[in-house]
Amino acid sequence: LYGSNETAIAAQIRAPKHGVMPAWLERLGETKVKELAVYIHSLGGGE
Numbered sequence: 047l048y049g050s051n052e053t054a055i056a057a058q059i060r061a062p063k064h065g066v067m068p069a070w071l072e073r074l075g076e077t078k079v080k081e082l083a084v085y086i087h088s089l090g091g092g093e
């Protein structure tokens with residue numbers, strides 16, 4: 047996933063641009079997408 051902040055990461059989860067990963071918004075819902083983005087961002091140090 048590419049993104050320097052939680053918003054950019056969430057956008058990649060919702061609708062990936064590179065066609066490598068499926069979109070997850072329909073499967074997870076908006077709340078889970080946001081939670082996942084926060085978690086992924088924290089793995090990179092959260093900065």
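So the mapping is simple: our numbering equals the position in the sequence shown, first residue as 1, plus 46.
Every residue, glycine too, gets a C-beta built ideally from N, C-alpha and C.
Note that the coordinates shown come from a computational prediction; the quantities given were computed from them, not determined experimentally.
Pairwise C-alpha distance: residue j and residue i
| i | j | result |
| --- | --- | --- |
| Leu-74 | Glu-81 | 10 Å |
| Gly-65 | Ile-59 | 12 Å |
| Ile-55 | Glu-72 | 16 Å |
Local conformation of residue i per DSSP, three classes
| i | result |
| --- | --- |
| His-87 | helix |
| Val-79 | helix |
| Ala-61 | coil |
| Ala-69 | coil |
Beta-carbon gap between residue i and residue j smaller than 7 Å
| i | j | result |
| --- | --- | --- |
| Ala-61 | Ala-69 | yes |
| Glu-52 | Val-84 | yes |
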